[in-house]
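Engineer: Residue numbers (the working numbering): 158 to 707.
Idealized CB from N, CA, C, for every residue including glycine.
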C-alpha cells in the first residue's frame, strides 16, 4: 500500500496558511453576498392582465411561482395603474403622472406637451436614475413609450435592450403565416427579425437572463436593474400547445360559474370585506345557457389559450428566480410584479378562424396566423369582481394585483390595503438603491416625483400616508382618496361616488348622501387636471396629427 509522505513542521504551517486564506476568502465572499445593502431590482410588468388572473388573487390558473412570492413577501390589494398600456408605462418609468411625462394618451403625436406621445426630457426614467447610481440597467419586452429611435430604451438610460418597441404583435417568430404588421423588434438600437422557433414570453426571459449573466461576469460588485415588460397576456391569443392542453375543457362551465368560483376564492383569501357581493353580469354579456355548443367550445378554447399565456409568464418568473439562485444573487434581489391595466374587452373581428386555420391546428385560437381576443366575457372573468375594463377608470380598468418580494429587504407574508400607485415605484426603488433623484439631467430641468416611498410599508408595515391619487384617460376620470373614490365615464361625464372600504365593486353610488365629499373630491380632480395638463377629450380628439396603432 502506498504511504503518504511525512509532512514536516514547515510544510504543515504552509498548508495551514494556504487553507486559511482559501477559507477566509470564501467566507469574505459569502459574507459580502449576505451584507450587500443595495439590492438588485427585477421589475416585472404584464400586459392587460386582470385583477383575478393570479392564483393568489383568485384564479384557477396555475401560478405557483408568483403565489409563493406573494406568500413570502407583500401583496398589495389596492394598487393602481393608469388603465392603459402607454400611460401606465410612462408613469411607471418616470415617477410622475402620464400627462406630465408627455404620454397623456397613447403614442399619438399631438401639439400639446402632455400628449406628445413619447417620454419627454423633463422626466428621468428609472434606468437613468439607477445608471447614475452605479447600477447596470437592462430591459426586455414591450417598450411602447416612443417609436422614434431617439426615444428607444438605450436613449433613456438602459445599457441593453431586447423587445417590442410597439404595442401588440404576434408571439411567434418569423414564419410565413405570421400576421403582416409593420412593427419593430429590436436588440439594443437595431431592428431584428426573431428566429422561426420563437415564443416572445420565453424570448424576453432568455434575453433578460443573458443580460444578467453578462452583468455578473463584468460588473459583479455592482447591483443591476432588470425591467421585464411581458407582452402577455395582451391579444392576440397565442400560446404553446403544451400549456394550452392543461386548460382545454376547464372553462366549459361558462363565464358565470368561473367568475363565481374566482370570487368565492377571493373571499376565502380575504381580499375584500365580509359582506361583499358579486355584481350581476353587465347588460351586454350573454347568458351561457343561451350560447350554442360551437360558441361554448370556442370560448373554452380562447380561455384555455389565455390561461396558458398567464401560466407561461409564471413559468418564466420561476426561471428567473432559479437563475438568480444559481448565481448567488437571489437573496440580494427585490422582485416587483404588476399589470399595466385591467383586462381588455376588445373584440378583434376578421382576424383568424379561417377554414384553413380551423383545419390546420388543434387550437385554432393560437394558430400563428390568427389574431384574436377573448372579448368581454373573458375580460369579465379576469376582472372579477370589478366593473368595466382596460381604458376606463372604474376598478376593472385601473386596479392591478401587486406583489413585492425580497427576503432580505421586504417583510414576509404581509397584505397591504392602503392605496398606492405607479408613481410610488420610483421613490421606493430610489430609497432601496440609495440613489438620488436629480433636479436637472443632461441640461434639462426635471419635474418633482409625484409618489411616496413604500419601503416603510414593506419593511415595518407602516401605513402609507393618505393622499389623493388621480386618473384621466381619454375623458374617463377618477380620484381615489382614502376609502372614497369618484369616477366618471366619457362621454357622459357624470360623477359617481363610492366607499371602497365596503363597496370595492363600485355598486352603490353615494353622491346624494355625501354631497360635500363629492364636491371636495371633484375640486381635487379639477386642480390636479389643470396642474398636469389634462385637456378635455372632446377638444383633444380633434388635434390628432399622427394616429398610431394601439
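Measuring straight from C-alpha to C-alpha, what distance separates residue 667 and residue 637?
Structural biologist: If you take the alpha carbons of residue 667 and residue 637, they lie about 14 Å apart.
Engineer: I need the straight-line Cα distance from residue 341 to residue 264, nearest angstrom please.
Structural biologist: When rounded, the distance between both Cα atoms is 14 Å.
Engineer: Which residues in the same chain as residue 464 place their Cβ atom closer than 6 Å to its Cβ, once the five residues preceding and following it in sequence are excluded?
Structural biologist: These residues qualify, in order along the chain: 218 and 404.
Engineer: Going by DSSP, name the residue or residues bridged to residue 297.
Structural biologist: The partner list for residue 297 (beta bridge, DSSP) reads 319 and 385.
Engineer: Output the distance between the C-alpha atoms of residue 347 and residue 386, rounded to the nearest integer angstrom.
Structural biologist: Roughly 19 Å separates the two Cα atoms.
Engineer: When the distance is taken between beta carbons, is residue 471 closer than 7 Å to residue 222?
Structural biologist: Yes, these two residues count as a Cβ contact at 7 Å.
Engineer: Would DSSP call residue 359 helix, strand or coil?
Structural biologist: Here residue 359 sits in helix by DSSP.
Engineer: Which residues bound the alpha helix (DSSP H) around residue 682?
Structural biologist: Element bounds for residue 682: 672 to 689.
Engineer: Considering residue 496, what are the terminal residues of the beta strand (DSSP E) in which it resides?
Structural biologist: From DSSP, the beta strand (DSSP E) with residue 496 extends over 490 to 496.
Engineer: Go through its chain and collect everything with a Cβ distance to residue 688's Cβ below 6 Å, but skip five positions before and after it.
Structural biologist: The answer is none, since no qualifying residue turns up.
Engineer: Looking at the secondary structure, which residues open and close the beta strand (DSSP E) in which residue 656 lies?
Structural biologist: Looking at the DSSP string, the run of the beta strand (DSSP E) that includes residue 656 is 652 to 656.
Engineer: Can you give me the Cβ contacts of residue 594 inside the same chain, cut-off strictly under 7 Å, excluding the 5 residues immediately before and after it?
Structural biologist: Result list for residue 594: 286, 587 and 606, in chain order.
Engineer: Select from 555, 230, 467 and 424 the residue whose C-alpha is nearest the C-alpha of residue 633.
Structural biologist: Minimum Cα distance to residue 633 is reached at 555.
Engineer: Got a sec, what are the start and stop residues for the beta strand (DSSP E) residue 558 sits in?
Structural biologist: Unbroken beta strand (DSSP E) run through residue 558: 556 to 562.
Engineer: I'd like to know whether the C-beta atoms of residue 640 and residue 654 end up nearer to each other than 7 Å.
Structural biologist: Cβ distance not < 7 Å, so residue 640 and residue 654 don't count as in contact.
Engineer: Smallest Cα separation from residue 664: which of 438, 425, 487 and 696?
Structural biologist: Among 438, 425, 487 and 696, the Cα nearest to that of residue 664 belongs to 438.
Engineer: I'd like to know if the segment 343 to 362 and the segment 257 to 275 are in contact, where contact means that at least 3 CB-CB pairs between them fall below 8 Å.
Structural biologist: These segments do not touch.
Engineer: Alpha carbon to alpha carbon, what distance is there between residue 698 and residue 260?
Structural biologist: Rounded to the nearest angstrom, the two C-alpha atoms are 14 Å apart.
Engineer: From the DSSP output, in three-state form, read off residue 692 for me.
Structural biologist: Note: residue 692 maps to coil in three-state DSSP.
Engineer: Might you give, ordered along the chain, the residues of its own chain that have their beta carbon closer than 8 Å to the beta carbon of residue 591, omitting 5 neighbours on each side?
Structural biologist: If we look at residue 591 and ignore the five residues flanking it on each side, its Cβ neighbours are 194, 195 and 290.
Engineer: Between the alpha carbons of residue 546 and residue 500, how many angstroms are there, rounded?
Structural biologist: Residue 546 and residue 500: Cα-Cα distance of roughly 6 Å.
Engineer: Mind checking whether residue 390 and residue 460 have CB atoms under 7 Å apart?
Structural biologist: Cβ distance not < 7 Å, so residue 390 and residue 460 don't count as in contact.
Engineer: By a C-beta neighbour count over all protein chains shown, 10 Å radius and 16 as the cutoff for buried, is residue 502 buried or exposed?
Structural biologist: That one is buried.
Engineer: Given a cut-off of 7 Å, decide if residue 493 and residue 134 are closer than it, judged by their beta-carbon atoms.
Structural biologist: Beyond the ends of the chain as shown, which are 158 and 707, falls residue 134; an answer cannot be given.
Engineer: Identify, in the order they occur along the chain, each residue of the same chain with its Cβ nearer than 6 Å to the Cβ of residue 357, setting aside the five sequence neighbours on each side.
Structural biologist: Closer than 6 Å at the Cβ level, and outside the excluded window around residue 357, lie 328 and 388.
Engineer: Since residue 295 and residue 262 are thought to touch, with beta carbons under 8 Å apart, how far apart are those beta carbons, to the nearest angstrom?
Structural biologist: Not a contact, Cβ separation roughly 28 Å.
Engineer: With three or more beta-carbon pairs closer than 8 Å as the criterion, would you say the segment 611 to 629 touches the segment 569 to 588?
Structural biologist: They touch, by the three-pair rule.
Engineer: Going straight from the alpha carbon of residue 297 to that of residue 360, what length do you get?
Structural biologist: Between residue 297 and residue 360, the C-alpha separation is close to 9 Å.
Engineer: Is the Cβ-Cβ distance between residue 542 and residue 394 less than 7 Å?
Structural biologist: Their beta carbons are not under 7 Å apart, which means residue 542 does not touch residue 394 by this criterion.
Engineer: Between residue 247 and residue 450, what straight-line distance do the alpha-carbon atoms span, to the nearest angstrom?
Structural biologist: Cα to Cα, residue 247 sits roughly 43 Å from residue 450.
Engineer: Starting from the C-beta of residue 212, find all residues in its chain whose C-beta is less than 6 Å away, skip the five residues before and the five after it, and write them out in chain order.
Structural biologist: Closer than 6 Å at Cβ, skipping near neighbours: 220 and 224.
Engineer: When the Cα atoms are used, what is the spatial distance from residue 482 to residue 319?
Structural biologist: Those two C-alpha atoms are separated by around 23 Å.
Engineer: Between residue 258 and residue 310, what straight-line distance do the alpha-carbon atoms span, to the nearest angstrom?
Structural biologist: Answer to the nearest angstrom: the Cα atoms are 15 Å apart.
Engineer: Taking the straight line between their C-alpha atoms, what separation do you get for residue 596 and residue 445?
Structural biologist: Near 56 Å, if we compare the C-alpha coordinates of residue 445 and residue 596.
Engineer: Compute the beta-carbon to beta-carbon distance between residue 563 and residue 477, rounded to the nearest angstrom, for a pair I have assumed lies under 8 Å.
Structural biologist: About 13 Å; that fails the 8 Å criterion.
Engineer: Which of the three DSSP states is assigned to residue 698 in this structure?
Structural biologist: Of the three classes helix, strand and coil, the one that applies to residue 698 here is helix, per DSSP.
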